[in-house]
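The listed protein sequences correspond, in order, to chains Z and G.
As numbered in my numbering, residues 16 to 651 make up the first sequence, in order.
As numbered in my numbering, residues 16 to 651 make up the second sequence, in order.
Quick notes on the structure that follows.
Number of protein chains: 2
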Amino acid sequence: MAKARRVGAVLPSMQTHGSTPCPCPSFRLRELASMYFTMVAVFLVILVVALKGSAPRSTYFPYKVPLDPQGLLELSWNVSYPEQAVYFQILIREFKFGLLFGMSDRGEFENADLAMLWTDGNSSYFGDAWSDAEGQLHMDSQQDYQLLGAQKAPEGFYLVFRRAFSTCDPKDYLIEDGTVHLIYGILERPVHSLHAINISTLYRGLQRVQLLKPNITIPELPSDVKTMEITTPSIVIPSQETTYWCYIAELPDSFPKHHIIMYEPVITAGNEALVHHMEIFQCSAEFDSIPHYSGLCDSKMKPERLNYCRHVLAAWAMGAQAFYYPKEAGLAFGGPGSSRYLRLEIHYHNPLIFKGRRDSSGIRLYYTASLRPHDAGIMELGLVYTPVMAVPPGETSFILTGYCTDKCTQKALPTDGIRIFASQLHTHLAGRKVVTVLSRDGREQQVVNADRHYSPHFQEIRMLKELVAVFPGDELITTCTYNTEDRSKVTVGGFGIMEEMCVNYVHYYPQTQLELCKSAVDPGYLHRYFNLVNRFNDEEVCMCPQVSVPQQFSSIPWNTFNRDVLKSLYSFAPISVHCNKSSAVRFPGEWEKQPLPSITKTLKEPQPHCPPTPGPHPAVPVVKLCLGGGKGFQRS
Amino acid sequence: MAKARRVGAVLPSMQTHGSTPCPCPSFRLRELASMYFTMVAVFLVILVVALKGSAPRSTYFPYKVPLDPQGLLELSWNVSYPEQAVYFQILIREFKFGLLFGMSDRGEFENADLAMLWTDGNSSYFGDAWSDAEGQLHMDSQQDYQLLGAQKAPEGFYLVFRRAFSTCDPKDYLIEDGTVHLIYGILERPVHSLHAINISTLYRGLQRVQLLKPNITIPELPSDVKTMEITTPSIVIPSQETTYWCYIAELPDSFPKHHIIMYEPVITAGNEALVHHMEIFQCSAEFDSIPHYSGLCDSKMKPERLNYCRHVLAAWAMGAQAFYYPKEAGLAFGGPGSSRYLRLEIHYHNPLIFKGRRDSSGIRLYYTASLRPHDAGIMELGLVYTPVMAVPPGETSFILTGYCTDKCTQKALPTDGIRIFASQLHTHLAGRKVVTVLSRDGREQQVVNADRHYSPHFQEIRMLKELVAVFPGDELITTCTYNTEDRSKVTVGGFGIMEEMCVNYVHYYPQTQLELCKSAVDPGYLHRYFNLVNRFNDEEVCMCPQVSVPQQFSSIPWNTFNRDVLKSLYSFAPISVHCNKSSAVRFPGEWEKQPLPSITKTLKEPQPHCPPTPGPHPAVPVVKLCLGGGKGFQRS
């Protein structure tokens with residue numbers, strides 16, 4: 016047990032156990048003939064922690080997520096920012112002949128970075144591998160997954176290893192903030208080499224997580240904290256892949272103003288792999304009552320008023336932990352001017368179509384009557400929901416940008432500014448990246464939130480690593496990248512699932528009147544674009560005023576010129592700014608035909624940091640393991 | 016002497032001399048406090064070749080160039096393609112207190128990769144360093160210049176070291192094909208640390224070379240080879256920085272057809288650092304005689320007919336060696352239909368304004384009457400010299416592309432194709448990069464020639480590493496990148512020095528009728544662009560037909576939209592193709608409004624190859640040297 020402590024949260028110095036005898040075939044470092052070993056000296060330093068006799072204690076791997084919907088594989092992990100490394104522990108409940116675990120840009124099995132564990136029937140091996148564009152596996156010439164332990168326990172087989180965020184090996188995935196697409200596969204028969212593995216025949220899948228959890232201090236809860244569980248009544252999860260369940264809950268009569276200061280998921284045991292994400296929305300105070308409901312969100316039976324329950328109170332997604340408000344702030348609910356009705360929405364992801372599973376999951380709110388100094392607020396950054404912002408079909412990475420301008424923050428923010436502490440990124444199905452940057456006097460200052468592997472299927476509220484202070488006159492620029500490769504028609508901005516959005520909901524304090532700070536291209540300049548396309552291409556694009564913007568976009572022949580010029584338009588034309596108290600009420604001022612913020616200094620791309628890893632470059636590519644006994648492994 | 020052989024051309028395995036005693040203060044590996052040494056183990060392997068008692072033999076460093084105009088520093092080098100490394104030898108004629116030698120994108124002293132040799136008065140040190148954007152020096156945390164030898168000799172001090180082409184260290188320069196900008200500086204007083212060096216006060220400069228000379232077999236010369244020297248009569252090099260000297264030479268009467276099969280520079284001893292480049296042009300056969308002349312090329316006294324001497328027979332630039340034609344081909348000269356007159360042009364670069372230096376440099380032609388199977392030919396690829404191809408002002412890297420289309424090669428090349436063996440890239444002053452790629456059926460096949468650090472001041476004819484076969488139906492796409500940051504007006508295509516060109520003169524065999532395969536944007540589409548700019552920007556760009564293209568370009572307000580749309584135009588609009596037998600005669604066919612070649616598969620960027628270097632990562636950053644005796648150096 017004492018040794019297990021050496022892995023995980025505290026991450027003290029580790030020990031090597033190089034000389035302990037082992038009962039099974041001695042462990043050797045195997046040189047692969049295909050690799051280059053012309054170097055003067057090859058040496059190996061592997062940090063080993065032998066995990067003996069009992070399971071590693073879960074507290075040292077504070078983050079946990081099931082990898083597959085059957086729950087055969089469970090990932091726990093920890094992040095060491097001083098070491099710039101992630102420690103992984105995988106529990107394989109029924110170990111067969113090996114495991115493939117790795118990361119790739121968007122969860123594909125091609126061009127992936129992999130940690131491989133496999134056995135040929137006699138011996139087992141662990142190594143760093145990669146898959147090429149055809150999905151064929153190869154050993155990596157530089158070994159960057161460092162095996163720390165391998166051990167049997169009653170509940171399954173544990174594998175513990177470490178990976179630096181950045182390895183500077185072009186075959187390796189760069190672990191960044193935001194979403195990471197993890198992939199897994201189970202080997203169901205022995206293999207004699209990686210080349211013999213046909214990835215497409217494996218039991219396999221992907222799981223999205225935020226690997227680099229922020230390293231922030233959790234504020235203490237006050238003594239008068241109360242809890243309230245907003246959970247579905249015991250329902251049967253529909254036997255279909257995707258279900259959005261809606262449930263209306265109600266606060267007590269005359270419930271006074273409180274601060275929500277924390278919330279956490281409540282998941283029915285056994286359904287951990289099915290509950291994909293959950294949100295609690297507060298309904299609009301304009302209705303005195305909202306009908307009770309428990310059913311599908313897209314049902315025709317759903318009362319129309321549920322559509323007015325859109326103010327986010329809490330949001331959780333798979334892999335997320337409890338959400339704590341900073342100690343200075345809480346999210347107000349209850350009291351006059353606040354609706355008593357809450358809508359719980361649960362996304363069940365049931366790809367194996369389990370039948371008859373009962374569920375009563377939901378969210379537990381921790382709240383207090385001792386109000387904290389500040390009410391927290393939520394502000395929408397990004398693009399206005401309007402068809403003037405459009406993405407041509409067949410684009411692999413088309414960028415749209417929404418601006419919260421200096422003029423708006425000047426008008427709407429207090430002199431002392433606000434502090435952003437969390438952020439939830441939002442697009443519809445074509446979204447691939449979202450980044451918000453804070454700029455001051457034309458110079459980019461810092462990234463507010465960035466997800467370069469964003470998925471519309473994984474929209475968590477994420478705590479920021481540090482508070483971002485925004486002052487009057489600052490600019491907040493939100494950039495969304497879209498992929499429309501599989502579309503044949505233009506995608507315009509709007510509310511529909513096949514239309515697009517570009518939003519960053521930032522959570523901040525103290526609350527201000529500014530609810531919305533977004534933009535869209537000036538419609539007059541868009542009209543000039545339609546004109547120009549018409550004349551340049553000898554095509555008949557109807558520019559008659561009675562034709563709608565989506566119709567005009569639809570008639571454009573999408574050749575490279577028309578695509579390029581649309582990009583040029585969006586990065587040149589003045590904008591219409593929505594600097595609003597609520598979605599309908601603007602701050603007073605002139606907000607049309609505003610100049611685009613000019614950026615004179617951009618943030619540097621972070622230089623990949625390649626720390627002197629304990630392993631050599633290139634390392635001996637394979638570590639042979641002893642999996643027969645309960646003794647862990649060693650090197651000879 | 017035997018040991019000196021171990022460095023250089025053959026590059027066999029090297030020996031370490033780790034334990035030989037040394038008479039001066041013992042050599043130690045010094046750890047710099049500012050570096051991170053948290054690694055588990057730090058170790059060092061330095062390959063050492065002790066150069067004792069005599070100078071390294073120059074034959075092992077076959078390439079040589081003076082670094083500075085006084086000839087105080089002389090660089091020799093060799094390239095090992097198996098090792099993917101360059102071996103450098105620097106001769107410092109008067110060693111003072113150190114040397115700075117390195118590489119940077121375009122010869123600037125900021126953001127440069129440096130090998131540093133310095134002494135604090137007692138001891139001397141060697142290390143890999145870099146300069147930041149302000150020109151401040153820093154030791155590199157990864158040491159990639161490997162010291163191989165350091166030694167005194169009667170003629171000066173020799174320093175020998177090695178650098179891999181690619182190190183994967185972001186602080187290091189990537190050594191690529193084409194031009195490399197070398198920089199040097201001499202330390203004239205002792206320094207105690209790199210931080211104390213103020214680069215701007217050094218005796219310093221830059222030298223351009225092609226470091227990665229192609230590794231090709233030199234064909235044997237036939238027994239009947241004759242030589243002819245085309246050299247200036249003994250002239251006095253003018254005491255000014257830049258001189259272009261023109262001299263007319265004459266072939267004997269009734270000189271029959273011969274093949275030039277090799278040529279080499281003839282440089283007057285002592286002027287090696289002044290003769291920058293030389294070319295021999297053959298005059299046009301349309302004139303029976305050309306007046307004799309020896310004088311400045313830009314003199315008003317120069318006979319006008321010399322302007323008709325433009326057919327390149329030979330070209331040499333500093334750092335280049337003898338130029339050998341492939342054994343199957345020679346360059347025809349002499350015989351009927353060939354002018355007897357040759358123009359020698361020498362560019363003298365005399366920045367220190369030496370006075371009274373006499374010179375009779377030139378080129379020695381090796382030719383034979385036993386004609387080889389093929390006449391060699393020269394073909395012009397790239398852009399037509401026309402103002403329709405323009406670069407806006409203030410651009411850091413604006414790209415123009417010229418196409419030799421499938422239709423033209425289909426019409427003009429023989430079924431068996433042609434073989435390109437050499438290439439000379441050409442732009443005017445704004446040119447920064449030139450690349451020609453061969454494409455077949457829309458798929459890029461190979462790079463014909465690429466210079467990503469191209470300088471208009473260094474236009475050698477370069478042998479290709481391998482013959483490039485071009486068949487009917489192939490496309491040759493030439494891309495030039497321009498920098499107009501320091502210009503306030505548009506730069507249009509044309510002959511003037513402030514206008515631009517984008518040309519690759521390819522040398523090939525067998526000679527065909529195709530002399531010119533170039534393109535330019537269709538003028539009608541450019542007219543649509545002027546129209547569009549006019550309407551979109553509410554500006555008055557006069558589109559009247561009587562206004563010239565340069566005038567129309569001059570009246571454009573260069574905002575981002577107009578820039579972007581010009582780029583879009585050039586990558587979309589059809590082209591006018593010049594598929595010509597000579598500059599005036601086109602092959603029959605329709606060459607106007609041709610579609611741009613579409614590329615469905617581009618060549619992959621070469622992955623930086625980071626071989627397992629003998630030195631560790633990160634290495635111990637400084638090697639302390641013994642420079643007092645004649646014994647070379649060792650490690651302790």
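All residues carry an ideal CB built from backbone N, CA and C; glycine is no exception.
- Residue pairing for leucine 221 of chain G: DSSP places it in a beta bridge opposite G:Ile198.
- Chain G has a Cβ within less than 8 Å of the Cβ of serine 586 of chain Z.
- If you keep only unbroken beta strand (DSSP E) runs of at least 3 residues inside the stretch 507-578 of chain Z, you get 518-524, 531-536.
- The distance from the Cβ of tyrosine 199 of chain G to that of aspartate 83 of chain G is about 6 Å, consistent with a contact at the 8 Å cut-off.
- Tyrosine 173 of chain G is a Cβ neighbour of glutamine 104 of chain G, given a cutoff of 8 Å.
- Per DSSP, aspartate 466 of chain Z is one residue of the beta strand (DSSP E) stretching across 458-466.
- By the neighbour-count definition (other C-beta atoms within 10 Å, threshold 16), asparagine 322 of chain G is an exposed residue.
- Only residues of its own chain outside the window of five on either side were considered, and among them Thr451, Val463, Asn464, Ile476, Arg477, Leu479, Asn519, Tyr520, Val521, His522 have a CB closer than 8 Å to the CB of serine 438 of chain Z, listed in chain order.
- Tyrosine 382 of chain G is bridged by DSSP to G:Lys241, G:Ile275.
- Note on glycine 122 of chain G: 16 or more other CB atoms within 10 angstroms of its CB, so buried under the neighbour-count rule.
- Sequence-distant partners of histidine 292 of chain Z (beyond 5 residues in either direction) whose C-beta falls short of 6 Å from its own C-beta, in its chain, are Ala332, His362.
- Listed as beta-bridge partners of leucine 88 of chain G by DSSP are G:Ile107.
- For glycine 349 of chain Z, the CB contacts under 7 Å within the same chain, skipping 5 residues up- and downstream, are Leu266, Phe270, Pro271, Lys272, His273 in chain order.
- No Cβ of chain Z is located within less than 8 Å of the beta carbon of asparagine 230 of chain G.
- Within the stretch 107-122 of chain Z, contact with chain G at the beta-carbon level (separation under 9 Å) is assigned to no residue.
- Rounded to whole angstroms, the gap between the alpha carbons of glycine 511 of chain Z and isoleucine 614 of chain Z is 32 Å.
- DSSP places aspartate 128 of chain Z in the uninterrupted beta strand (DSSP E) bounded by 128-134.
- For asparagine 498 of chain G, there are no C-beta contacts with chain Z under 7 Å, since the nearest C-beta of that chain is about 19 Å from it.
- For valine 403 of chain Z, the secondary structure class from DSSP, reduced to helix, strand or coil, is coil.
- By the Cβ criterion, the stretch 592-612 of chain G is in contact with the stretch 423-441 of chain G, since at least three pairs of Cβ atoms, one from each stretch, lie closer than 8 Å.
- With respect to chain G, the C-beta atom of glutamine 158 of chain Z has no partner C-beta closer than 8 Å.
- Taking one beta carbon from each stretch, the stretch 191-207 of chain Z and the stretch 105-114 of chain Z have 3 or more pairs nearer than 8 Å; the two touch.
- Annotated three-state conformation of glutamate 235 of chain G is coil, per DSSP.
- Chain G has a Cβ within less than 8 Å of the Cβ of valine 580 of chain Z.
- Per DSSP, cysteine 298 of chain Z is one residue of the beta strand (DSSP E) stretching across 290-298.
- Inclusion of valine 224 of chain Z and leucine 189 of chain Z in the CB contact set at 8 Å is not warranted, their separation being larger than that value.
- Among the residues of the stretch 353-367 of chain Z, none has a Cβ less than 9 Å away from any Cβ of chain G.
- DSSP links tyrosine 96 of chain G through a beta bridge to no other residue.
- In terms of Cβ geometry, leucine 380 of chain G and alanine 329 of chain G form a close pair [threshold 8 Å].
- Bridge partners of histidine 153 of chain Z according to DSSP: Z:Trp145.
- Per DSSP, glutamine 425 of chain Z is one residue of the alpha helix (DSSP H) stretching across 421-427.
- When Cβ-Cβ separations below 8 Å define contact, phenylalanine 124 of chain G makes no contact with chain Z.
- Spanning the alpha carbons of phenylalanine 338 of chain Z and alanine 384 of chain Z requires a straight line of approximately 19 Å.
- Note on geometry: alpha-carbon atoms of glutamine 566 of chain Z and tryptophan 145 of chain Z lie some 46 Å from one another.
- The C-beta distance from tyrosine 382 of chain G to glycine 446 of chain G rounds to 33 Å, too long to meet the 8 Å contact threshold.
- Annotation: glutamine 255 of chain G has no Cβ neighbours in chain Z at a cutoff of 8 Å; minimum Cβ distance is about 41 Å.
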